[in-house]
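Data first, discussion second: the structure below is written as structure tokens.
Chains as they are written, first to last, in the UniProt record's numbering: chain A, 1 to 106; chain P, 1 to 413.
See the structure below:
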């Protein structure tokens, strides 16, 4: 199981044993990582599971799809490494990946 | 206007029922009608209505699918079931598709980002406390006017930095903006609406120029529009300016107002939930999401198909109106367990449809939640019971799902 670290905005980090084939959002929720709201439940439709992928892991995490890009563009705090974690399907290649959580979800 | 009489029984044949009839919401009789649509005809074509033919989308998952597919389901020219008359072609970003939508929304959305809200929280709490402390104990009064409207109007005045003593105008403009029979089956006279909205535009044009002459670092919506290069000259495009004002005024008013009332009504209808709240006030944030789901203050949003397509086994034609009934999606037992029950400690309370989904998802959702959270925190510090004393009067509209009045009495701790 790949180990993924999520760092809250206040610096608290959470390393989880992630399940391959499941989204990063669901993995985070299942491991009680705070800071991901996921209001829509994973339909790429609300933008409240926003994360920043550490640049070294961008390739492993993949690129955002067009709908995801449209949702992300609504975020005041969007950056080049923004992703919606419901659209990141965990793979073995993500072992060691680090993502940061935004100050807020909206 | 030609009006199809809606059968009083939900067991009538589906093609004889007018799902756009505002009476269904006004009389609170909509539940059985829309339950039938969800079960029997979840993507339903109604050939005749006062608003022309339209499709009704009533299941949660189908609404999410339509709402997040802006390519096939356009928000232009309007998001109300009724078309707008040409008298006042106001343009608003809720009724625009990307990319123009994105540009305009980005200019204003940071005003309601949680970071700014944290700074507003103290002010909101002060105002909530003042309102609650001024309520008449020992007599019956109207919760809608004395609390819900009062609170949301003060909030709106703050967001626009609008002259505080004239803030009642904001409520008036909000009430007339989407209230005509043609738009939503309401009772507002189109001529009165036109006059009112022209007054709104004039007032805000004056405010724009005053603020331009005295720029500060204020975070009100007008200053934000002036500071963003994409919207800095919006005052020169009056219909676009007016459209955005209407959107922000309605969006920040009717919605929170009716949830602020709906919560009181729900806790009275489900007294065991009120007991649960009295026993554990840490449930307030979860209850706030549940109130917003249970109330669903905006009943629908409309889209227009941009091409012939198949959806839910039905053939939708290019330019057909597609109406997503949010209040039905929020009562869809396929997505939400015991959806007609008001349960303040529900598992996954944020999983509701009231804010919409996709690029048009409510911009002020966190502000709305914060206002309602503070309201309930302060109610619980003062009153052991906000008691409903009579039936609510509901709004006559197929869009605004809310209350004209709700008689209550407050019982201090």
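All C-beta atoms, glycine included, are put in the ideal place defined by N, C-alpha and C.
None of the values given here were measured: they were computed from a predicted structure.
So what does DSSP say about residue 415/P, is it helix, strand or coil? The first residue shown for chain P is 1 and the last is 413, placing residue 415/P beyond what the model contains.
Determine contact between the segment 325–338 of chain P and the segment 55–64 of chain P, defined as no fewer than three beta-carbon pairs at a distance below 8 Å. yes
Note down, in chain order, each residue of its chain lying with its Cβ closer than 8 Å to the Cβ of residue 44/A, except the 5 sequence neighbours on either side. The beta carbon of residue 44/A sits closer than 8 Å to those of 65, 67, 68, 71, 84, 86, 87, all from its chain and outside the five residues before and after it, given in chain order.
Where the alpha helix (DSSP H) containing residue 275/P begins and where it ends: 271–279
With DSSP run on the structure shown, which of helix, strand or coil describes residue 111/P? helix
If you pair each beta-carbon of the segment 88–95 of chain A with each one of the segment 29–46 of chain A, do three or more pairs fall below 8 Å? When C-beta atoms of the segment 88–95 of chain A are compared with those of the segment 29–46 of chain A, fewer than three pairs fall below 8 Å, so the two segments do not count as touching.
7 Å Cβ cut-off: residues of chain P touching residue 30/A: Per Cβ cutoff of 7 Å: no residues; residue 30/A is ~13 Å from chain P at best.
Given this structure, state the Cα-to-Cα distance separating residue 54/A from residue 77/A, to the nearest angstrom. 15 Å
What are the boundary residues of the beta strand (DSSP E) that residue 15/A is part of? 13–17
By the 10 Å Cβ neighbour count, where 16 or more other Cβ atoms means buried, how is residue 102/A classified, buried or exposed? buried
Looking at the structure shown, is residue 131/P part of a helix, part of a strand, or coil, going by DSSP? If DSSP states are grouped into helix, strand and coil, residue 131/P belongs with the helices.
Consider the Cβ of residue 76/A: report whether some Cβ of chain P lies at a distance smaller than 8 Å. yes
Residue nearest to residue 281/P in terms of C-alpha spacing, selected from 255/P, 306/P, 333/P, 383/P: 383/P
For residue 58/A, collect the residues of the same chain with a Cβ closer than 7 Å to its Cβ; drop the 5 residues on either side in sequence, then sort them by chain order. Excluding sequence neighbours, residue 58/A sits near 81.
In angstroms, rounded to a whole number, what distance separates the CA positions of residue 13/P and residue 229/P? 55 Å
Could you give the residue range of the beta strand (DSSP E) that holds residue 301/P? 300–305
8 Å Cβ cutoff met for residue 249/P and residue 156/P: yes
Identify which residue in 100/A, 60/A, 90/A has its Cα closest to the Cα of residue 27/A. 90/A
Same chain only: Cβ atoms within 6 Å of residue 346/P, ignoring 5 sequence neighbours per side: 290
Does the contact criterion of 3 or more C-beta pairs under 8 Å hold for the segment 296–303 of chain P versus the segment 33–41 of chain P? no
Taking a contact to mean a Cβ-Cβ separation below 8 Å, would you say residue 408/P touches residue 288/P in this structure? no
Residue from 17/P, 203/P, 96/P whose Cα sits closest to the Cα of residue 54/P: 17/P
Since residue 373/P contacts residue 285/P with CB under 8 Å, what's their CB separation in whole angstroms? 6 Å
Roughly how many whole angstroms lie between the Cα atoms of residue 9/A and residue 271/P? 39 Å
Would residue 75/P and residue 95/P be called neighbours here (beta carbons separated by less than 8 Å)? yes
Please check the pair residue 344/P and residue 276/P, which I expect to be a contact at CB under 8 Å, by giving their CB distance rounded to whole angstroms. 6 Å
Whose CA, out of 19/P, 15/P, 9/P, 10/P, lies closest to the CA of residue 324/P? 19/P
Report, in whole angstroms, the separation of the C-beta atoms of residue 416/P and residue 185/P, which I expect to be a contact under 8 Å. Residue 416/P lies beyond the residue range present for chain P, which begins at 1 and ends at 413; the question has no answer from this structure.
Does chain P have any CB closer than 8 Å to the CB of residue 35/A? no
Does the CB of residue 47/A have a neighbour CB from chain P at under 8 Å? yes
With burial defined as no fewer than 16 other Cβ atoms inside 10 Å of the residue's Cβ, what is the status of residue 310/P: buried or exposed? Exposure of residue 310/P is indicated by the presence of fewer than 16 other C-beta atoms within 10 angstroms of its C-beta.
Please report how far the alpha carbon of residue 12/A lies from the alpha carbon of residue 3/A, in whole angstroms. Looking at the two C-alpha atoms, the distance is approximately 16 Å.
Is there at least one Cβ from chain P nearer than 8 Å to residue 39/A's Cβ? For residue 39/A, the nearest beta carbon of chain P is closer than 8 Å to its own beta carbon.
Distance, residue 214/P Cα to residue 116/P Cα: 22 Å
Backbone secondary structure at residue 100/A - three-state DSSP: strand
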